[in-house]
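Okay, structure first, notes after.
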Amino acid sequence: MVHSPAQFPVKIEFQFMSEAIVSTPPPPIIEVGELSKHFRTFHRREGIWGGLQNLFYREYKTVAAVDRVSFTINRGEMVGYIGPNGAGKSTSIKMLTGILVPTSGKALVNGYIPYKQRRQYVRTIGVVFGQRTQLWWDIAVIESFKLLRRIYDVSQRDFDARMEQFNHVLGISDFLYTPVRKLSLGERMRCDLAAALLHNPPLLFLDEPTIGLDVVAKHHIREFLRTVNREYQTTVLLTTHDLDDIEELCKRILIIDHGKVLFDGPLEVLKSRLLRTKHIKFAVKQQIDSDTLRLFAGDGVSVDQVDEVTFRLRFDRTKVSGADLIRKLLAEHDVRDLLIEDEPIEEIIKRIYAGEASLVAD
Amino acid sequence: MSLRNIGVVYRKELKDSLRDRRTVISMVVVPILLFPALTMGMGYLGAKMMTEAKQEVPEVMVVGGNDSPRLMEALKSNKKINAVPASDDYIAQISNKKVRAAVIIPANFDAAAERGEGKTIVIDYYEGEVKSQLAEKTIEDSLTDYREKLARQLVAARGVPGQLAKPFETDDENVAPPEKVAGSSLGGLIPYFVIILALTGAMYPAMDLTAGEKERGTMETILTSPVARTDLVLGKFFMVLTASMATAILSLSSMGVSFLFAKNTLDRLLSDEAHGVHFSIDPSAVLAVFVMILPLSVLFSAVLLAIALFAKSFREAQTYLSPLTIIVIMPAIIALLPGIELNSRTALIPILSTTLVCKELVGGSHPWGFITLIFFASCLYASIAIGVAVSLFNRESVLFRA
Chain W
957 MVHSPAQFPV KIEFQFMSEA IVSTPPPPII EVGELSKHFR TFHRREGIWG GLQNLFYREY
1017 KTVAAVDRVS FTINRGEMVG YIGPNGAGKS TSIKMLTGIL VPTSGKALVN GYIPYKQRRQ
1077 YVRTIGVVFG QRTQLWWDIA VIESFKLLRR IYDVSQRDFD ARMEQFNHVL GISDFLYTPV
1137 RKLSLGERMR CDLAAALLHN PPLLFLDEPT IGLDVVAKHH IREFLRTVNR EYQTTVLLTT
1197 HDLDDIEELC KRILIIDHGK VLFDGPLEVL KSRLLRTKHI KFAVKQQIDS DTLRLFAGDG
1257 VSVDQVDEVT FRLRFDRTKV SGADLIRKLL AEHDVRDLLI EDEPIEEIIK RIYAGEASLV
1317 AD
Chain G
696 MSLRNIGVVY RKELKDSLRD RRTVISMVVV PILLFPALTM GMGYLGAKMM TEAKQEVPEV
756 MVVGGNDSPR LMEALKSNKK INAVPASDDY IAQISNKKVR AAVIIPANFD AAAERGEGKT
816 IVIDYYEGEV KSQLAEKTIE DSLTDYREKL ARQLVAARGV PGQLAKPFET DDENVAPPEK
876 VAGSSLGGLI PYFVIILALT GAMYPAMDLT AGEKERGTME TILTSPVART DLVLGKFFMV
936 LTASMATAIL SLSSMGVSFL FAKNTLDRLL SDEAHGVHFS IDPSAVLAVF VMILPLSVLF
996 SAVLLAIALF AKSFREAQTY LSPLTIIVIM PAIIALLPGI ELNSRTALIP ILSTTLVCKE
1056 LVGGSHPWGF ITLIFFASCL YASIAIGVAV SLFNRESVLF RA
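Residue numbers (the working numbering), protein chains in the order written: chain W, 957 to 1318; chain G, 696 to 1097.
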């Protein structure tokens, strides 16, 4: 049984810390080098004749779902792993959790090679697939937990302690005796998180943990993840399509598309490097003719009307000075309120997905 | 391989399955209800129809015979038929079931018979129509009696002892033991039903535990647990086997109970020994059938699991498994055909061999050589199937088929 750092006796931890200070920094918890996964799919011909041909002769082609991906993640980090559908996120997660064997490259997680030492390795990780569940469909939640306790060899004392804690933080006691199929998505996700953390793993993989959840449920899940990360230094790698997850949880993001890493770094760096457009939202005291505002429009600036007295100026900060724009605006109009906004993160990501990869390259 | 983990997976699957109404229906409800319904329903209906047919006094048209009063008298005095006057469309009337049969008597029959000229009486009836066939038989019996009586009279009139008209008698005696009699009528059917049910009982859980799990998305998550894939597939396999065996055991017991019940009820309903089918089956024969079907159950479970694992969804699994039912039914039906017997070649064909040997067992004979051969051959096939299922489970391309 591998212990997470939180379970080490204090003395050993000190030794470890002092050693770490004088010598090299602690090794990364995830080390991925040139990791690739190729799938062989067959090309389907169109039409009835094509369908018949498919029956007898198939043309196969190899698709690189993950293509020479490299990154490292350190203990206690919370990293967002994002990319459009089919980018290779889930395949990466499946390789890192030992379900799939990589075609080439290396992966070392918690000191294990996931697919080779799978059974020892998976005791040190927790996995949640947002669109899947590891709780069994027809049986009560508590039964799944008990089975997982046996599978992961968790002692009854630890189990009871953790169940109490999960009840406290996740509020799952109300539906512990309900079959999983009758739970709402939010309830199920809370149970899935509890199940993934039952054996107290130092590393947590989350594949779209907030998918399909309502605002309140999302908030609960994020709050819980923050707590786990803060209190137990649990490392979290999460894939998501919800960029609020990233903004609220992750300091660092990895963007992947077509199997390749496009960006790896802090969210702030991504923003500063890619943030091209800024918005000035302003309200005027009296209704004005929107035509007069057209004068502002021009190279790098566009205008749209939000309501009768509110307008938004979008400008390309590489071409136009925001200060100049504001000065001009205040001089010419009776502005009651003014707000400068960054381009939403969604827009930035959308541009990266749309092919502006060169923008993120160093 | 860890027995403990296999046990954990097995218990999980068992709990999951028992909470699933569809599994319970195919595993418990169907076998328990099927046999009482089959034996009671069909047995009762069949027996009732036969009784009705026998109790009916068939209307028979007598064509001609006005010049033969003695024959007419013999036919009319028979209380088992109701002779009615002829009409020209008697063939149509038989076809339309207005009358059951017709007797066509040649002209001057009485006179010709006394001269020993041997004229032919024709009985028209409708083959395939039970009541018409019974009427035909009754008429023929009646005419045979009349012929013998007439022959004795004719012989006596010539001063020869009446016995010469019937120089010898015949009698038949059954030497087969009573269970053998039951064996021939039911022996082929019992293993047939149990084998089919062992298959259908395993079918739903096999799909649910593989393709169903893929579809619900619980497959990936169990694969991230420290349970080895071999343990996983074996745990699942034992669950499917449990379902298969439970279905077989329940159907066997249900069959036993309903046959007993049917025997009592039918005997009371129809106190006529003529249609008393022998229902007696030796309990040890039932046990033997069970032992022979066990390896077959293992084979079914492993094959179903392997095939269903290949499917991505429940529906796809159903598409793959439906033809399998026919593949299983075919050898079982072939075994019911007359002339198909246990020999060194048929003993090696799975399913067919089991059906044949079970037929023997129910029939009260014990061909030990074949029993041993078939049991071990079935075990061999079963272990090959388990091996295939385990190796498929360890293949990424099958587990995550794109």
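Cβ coordinates follow ideal geometry from the N, Cα and C atoms, glycine included.
Which value, in whole angstroms, describes the spacing of the CA atoms of residue i and residue j?
i	j	result
residue 1023 (chain G)	residue 830 (chain G)	42 Å
residue 1056 (chain G)	residue 1037 (chain G)	12 Å
residue 1230 (chain W)	residue 1209 (chain W)	14 Å
residue 951 (chain G)	residue 935 (chain G)	24 Å
residue 796 (chain G)	residue 735 (chain G)	32 Å
residue 908 (chain G)	residue 1043 (chain G)	35 Å
residue 1205 (chain W)	residue 1149 (chain W)	16 Å
residue 926 (chain G)	residue 1082 (chain G)	13 Å
residue 1176 (chain W)	residue 1274 (chain W)	39 Å
residue 906 (chain G)	residue 1010 (chain G)	9 Å
residue 1263 (chain W)	residue 1270 (chain W)	16 Å
residue 1025 (chain G)	residue 750 (chain G)	39 Å
residue 1054 (chain W)	residue 1138 (chain W)	30 Å
residue 849 (chain G)	residue 806 (chain G)	12 Å
Name the chain W residues that come within less than 8 Å of residue i, Cβ to Cβ?
i	result
residue 917 (chain G)	1090
residue 931 (chain G)	Near residue 931 (chain G) there are no residues of chain W at all, since even the closest Cβ is about 12 Å away, more than 8 Å.
Which term fits residue i, buried or exposed, when burial requires 16 or more other beta carbons within 10 angstroms of its beta carbon?
i	result
residue 707 (chain G)	buried
residue 1006 (chain W)	exposed
residue 1260 (chain W)	exposed
residue 999 (chain W)	exposed
residue 1296 (chain W)	exposed
residue 811 (chain G)	exposed
residue 996 (chain W)	exposed
residue 760 (chain G)	buried
residue 1089 (chain G)	exposed
residue 711 (chain G)	buried
residue 802 (chain G)	exposed
residue 721 (chain G)	buried
residue 839 (chain G)	exposed
residue 1180 (chain W)	buried
residue 730 (chain G)	buried
residue 953 (chain G)	buried
Using a Cβ cut-off of 8 Å (strictly closer), state whether residue i contacts chain G.
i	result
residue 1094 (chain W)	yes
residue 1164 (chain W)	no
residue 1288 (chain W)	no
residue 1099 (chain W)	yes
Which chain W residues are close to residue i, counting only those with a beta carbon under 9 Å from its beta carbon?
i	result
residue 1091 (chain G)	1055, 1056 and 1057
residue 703 (chain G)	1103, 1106 and 1107
Quick one: list the residues of chain W neighbouring residue i, beta-carbon separation under 7 Å, in chain order.
i	result
residue 660 (chain G)	In the structure displayed, chain G extends from 696 to 1097; residue 660 (chain G) sits before or after that span and is not available.
residue 1010 (chain G)	Under the 7 Å cutoff, chain W gives no residues; its nearest Cβ is about 17 Å from residue 1010 (chain G).
residue 714 (chain G)	1094, 1095 and 1135
Examine chain W for any beta-carbon lying closer than 8 Å to the beta-carbon of residue i, and answer yes or no.
i	result
residue 1018 (chain G)	no
residue 906 (chain G)	no
residue 793 (chain G)	no
residue 707 (chain G)	yes
residue 711 (chain G)	yes
List, in order along the chain, the chain G residues whose C-beta lies closer than 8 Å to that of residue i?
i	result
residue 1186 (chain W)	Here the premise fails: no neighbours, minimum Cβ distance about 25 Å.
residue 1085 (chain W)	912, 915 and 916
For residue i, decide whether its Cβ has a neighbour in chain B, counting only Cβ atoms nearer than 8 Å.
i	result
residue 922 (chain G)	Chain labels in this structure do not include chain B; the protein chains are W and G.
Chain G partners of residue i, CB-CB under 7 Å?
i	result
residue 1078 (chain W)	919, 920 and 921
residue 1075 (chain W)	921 and 923
Is residue i near the ligand FAD - that is, is its Cβ less than 7 Å away from at least one heavy atom of it?
i	result
residue 811 (chain G)	Summarising the ligand content, the structure contains no ligands, and the ligand FAD is consequently not present.
Worksheet entry | the region 1022 to 1029 of chain W contacting the region 1168 to 1180 of chain W, beta-carbon criterion three pairs below 8 Å | Contact between the region 1022 to 1029 of chain W and the region 1168 to 1180 of chain W is absent, because fewer than three Cβ pairs lie under 8 Å.
Checklist entry - Is the region 982 to 991 of chain W in contact with the region 1065 to 1080 of chain W, if contact means three or more CB pairs nearer than 8 Å? => result With a cut-off of 8 Å, the region 1065 to 1080 of chain W and the region 982 to 991 of chain W count as touching, because enough Cβ pairs lie within range.
When you compare the region 1138 to 1148 of chain W with the region 1108 to 1121 of chain W, are there three or more beta-carbon pairs, one atom per stretch, that lie closer than 8 Å? Touching, no.
Contact between the region 1063 to 1080 of chain G and the region 1024 to 1034 of chain W is defined here as three or more beta-carbon pairs at a separation below 8 Å; is this criterion met? The count of Cβ pairs closer than 8 Å, one atom from the region 1063 to 1080 of chain G and one from the region 1024 to 1034 of chain W, stays below three, leaving the stretches out of contact.
Self-check item: the region 930 to 948 of chain G / the region 1074 to 1088 of chain W touching (three or more Cβ pairs under 8 Å)
Solution: The region 930 to 948 of chain G makes no contact with the region 1074 to 1088 of chain W: fewer than 3 CB pairs, one atom from each, lie closer than 8 Å.
_At least 3 beta-carbon pairs within less than 8 Å: the region 1204 to 1220 of chain W vs the region 1295 to 1310 of chain W_ = Judged by Cβ distances under 8 Å, the region 1204 to 1220 of chain W makes contact with the region 1295 to 1310 of chain W, as three or more pairs qualify.
Does the count of Cβ pairs from the region 988 to 1005 of chain G and the region 892 to 907 of chain G closer than 8 Å reach three? The region 988 to 1005 of chain G makes contact with the region 892 to 907 of chain G; the number of CB pairs closer than 8 Å reaches 3 or more.
**Item:** the region 1233 to 1240 of chain W in contact with the region 1092 to 1100 of chain W per 3-pair CB rule at 8 Å
**Value:** Because the criterion of three Cβ pairs below 8 Å is not met, the region 1233 to 1240 of chain W and the region 1092 to 1100 of chain W do not touch.
Within the chosen definition, does the region 853 to 866 of chain G reach the region 817 to 829 of chain G through at least 3 CB pairs nearer than 8 Å? Taking one beta carbon from each stretch, the region 853 to 866 of chain G and the region 817 to 829 of chain G have fewer than 3 pairs nearer than 8 Å; the two do not touch.
Next item on the list: Spell out a yes or no on whether the region 974 to 994 of chain G and the region 761 to 771 of chain G are touching, meaning 3 or more CB-CB pairs, one atom from each, closer than 8 Å.
Entry: By the Cβ criterion, the region 974 to 994 of chain G is not in contact with the region 761 to 771 of chain G, since fewer than three pairs of Cβ atoms, one from each stretch, lie closer than 8 Å.
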